[in-house]
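Note sheet for the following structure.
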Amino acid sequence: MSPLVIIQVVLIALVVLVVARLFRSRGARAQAIRRIGLVVFAAFAAVSILFPDVWTTIAQKVGVGRGTDLVLYALVVAFLSFTVTTYLRFRDLETNYTRLARKIALSDARHRDGPSAGDVS
Amino acid sequence: MSSAPRTNDDVWLVVPLFNEETVIADVVRDARHTFPNIVVVDDGSSDHGADAAASAGAVVVRHPVNLGQGAALQTGFEYSLGVTSMRWVVTFDSDGQHQVSDVLAMLDKARAEDLKVVFGSRFLDDRTSPSFMKKVVLRLAVGYTNLTTGTKLTDAHNGLRLIHRDVVERIDITQNRMAHASEIVAQIGEMKVRYGESPVHILYTDYSKSKGQSLWNSVNILVELMFR
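Chains as they are written, first to last, in the numbering used here: chain A, 8 to 128; chain B, 9 to 236.
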């Protein structure tokens with residue numbers, strides 16, 4: 008298999024994975040994996056500051072050629088994943104916030120109209 | 009209208025309200041001739057529409073912040089479920105687009121055919137005349153909804169619906185914004201209850217046009233539905 012195909016397969020798989028997460032339930036495991044990923048990413052970032060050539064070495068192994076290109080690809084995948092995670096986070100937050108606001112609205116209405124309001128007929 | 013007058017005491021109109029100060033009082037007053045029970049859910053309006061609705065005789069529930077029309081409907085459902093005599097809920101727009109006579113026809117149909125839900129449809133007769141582009145988008149929307157929910161409707165994004173208490177109890181709208189119309193259809197489709205459609209006339213007045221849903225919103229709706 009030519010090196011270029013390898014990176015294409017890896018990138019497409021990653022993108023599909025990120026999108027697939029949209030439809031999957033997310034729990035403690037997903038969160039743990041994300042955090043481990045973040046730690047690994049940070050560690051690798053530190054390593055690549057000390058040894059800038061490490062990107063080029065890996066890039067050539069997977070068939071990208073230049074290290075900067077590989078950084079770009081990694082960034083795209085990371086950004087996509089961040090977008091999705093944030094979107095889902097906000098959705099959950101919004102659901103809770105809505106429930107809270109609804110509770111306040113309903114209890115206010117009952118208070119204003121008296122405890123038996125609407126229940127008289 | 010009918011020979012044996014019904015009081016419609018068991019019917020609750022749920023009217024989401026957002027900045028419709030100019031028309032809401034007339035809408036409430038007009039509807040109350042036929043339907044005494046109206047709950048207006050003020051969705052964090054910045055005008056005085058809620059006060060106007062209250063003085064016109066509606067029960068007003070106020071969202072402390074703006075949440076969206078879907079959220080307002082769910083709030084109205086939960087309020088009316090607290091009324092033990094409620095048998096039917098009608099979702100009714102606040103801008104005067106809907107006709108009370110259409111609601112009566114829906115009620116008659118539901119009672120005669122033992123239906124749990126009656127959806128309003130603009131496309132069962134030719135009283136409503138949406139613009140060409142609007143027609144195309146609505147057709148696409150109903151096609152998508154039918155495809156994804158297994159229902160057979162001619163107009164999925166109509167705001168006028170009649171829903172029986174048994175169904176209201178099981179509905180849980182989580183799409184706060186515009187995608188709630190498809191969500192309601194999807195949830196009712198899953199319940200396997202008897203539903204039907206009834207022709208309604210939507211008045212596209214200059215007023216409603218000036219506030220109306222931009223067609224761009226259909227893109228937003230699609231995204232909201234896909235990224236559930």
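Glycine included, every Cβ here is placed at the ideal spot set by N, Cα and C.
What does A/L113 touch in chain B if you count any residue whose Cβ is under 9 Å from its own?
The answer, in chain order, is V69, T83, E86, Y87 and G90.
Reducing DSSP to helix, strand and coil, say where B/I171 ends up.
strand
On the DSSP letters alone, give me the boundaries of the alpha helix (DSSP H) that B/Y152 sits inside.
F140 to T157
Going by alpha carbons, who is nearest to B/M114 out of B/N225, B/V231, B/D17 and B/V208?
B/V208
Length of the line joining the Cα atoms of B/F26 and B/H165:
Each residue's Cα considered, the two are about 18 Å apart.
Less than 7 Å between the C-beta atoms of B/L75 and A/T105, yes or no?
Between B/L75 and A/T105, the CB-CB gap stays under 7 Å.
If we call anything under 7 Å between Cβ atoms a contact, is B/P24 one with B/Q77?
Yes, they are a contact pair.
Presumed contact (8 Å Cβ cut-off) between B/V31 and B/V98, rounded CB distance:
About 18 Å separates the two Cβ atoms, so there is no contact after all.
Going by C-alpha to C-alpha distance, which of B/R185, B/V201 and B/D34 sits closest to B/Q105?
B/D34
Starting from the Cα of B/V49, find the closest Cα among B/F43, B/P72, B/T42 and B/V126 and give me that residue.
B/P72
Does chain B have any CB closer than 7 Å to the CB of A/T105?
yes
Within the same chain, show all residues whose beta-carbon is closer than 7 Å to that of B/F131, passing over the 5 residues directly before and after it, in chain order.
T162 and D163
Suppose you measure from the CA of B/S102 to the CA of B/V176; what does that come to, to the nearest Å?
20 Å
Could you spell out where the beta strand (DSSP E) holding B/T99 opens and where it closes?
W96 to T99
Below-7 Å beta-carbon distance, A/R109 vs any chain B residue
yes
Secondary structure at B/F127, three-state DSSP: helix, strand or coil?
strand
When DSSP builds the beta bridges, which residues end up paired with B/E205?
B/F127
Hey, is the segment 180–194 of chain B in contact with the segment 80–91 of chain B, meaning 3+ C-beta pairs nearer than 8 Å?
yes
Can you say whether A/F86 is buried or exposed, counting buried as having 16 or more other CB atoms within 10 angstroms of its CB?
exposed
List the residues that DSSP assigns as beta-bridge partners of B/D50.
B/L25 and B/R70
Endpoints, the alpha helix (DSSP H) within which A/R98 is located
G74 to R119
CB-CB under 6 Å to B/H188, same chain, minus the five flanking residues each way: which ones, in chain order?
G78 and I181
Per DSSP, A/W62 forms a beta bridge with which residues?
Beta-bridge pairing links A/W62 to no other residue.
Verify the CB distance criterion: does A/S123 have a CB-CB separation below 7 Å to chain B?
Because the pLDDT at A/S123 is just 49, under 50, the model does not fix this residue reliably, and the point stays unresolved.
For a test of the three-state rule: what should DSSP assign to A/V54, helix, strand or coil?
helix
So, helix, strand or coil for B/V19, using DSSP?
strand
Using the beta-carbon count (16 or more within 10 Å), is B/S109 buried or exposed?
exposed
Counting only C-beta atoms, is A/A116 closer than 7 Å to chain B at any point?
yes
Can you list, in chain order, the residues of its chain whose CB lies under 8 Å from that of B/N225, leaving out five sequence neighbours each side?
M186
Buried versus exposed call for A/A49 [16 or more other C-beta atoms within 10 Å across all chains shown]:
exposed
Could you tell me the distance, in whole angstroms, from the CA atom of B/A120 to the CA atom of B/L112?
12 Å
Quick check: the Cα distance between A/V83 and B/L230, rounded to an integer number of angstroms?
24 Å
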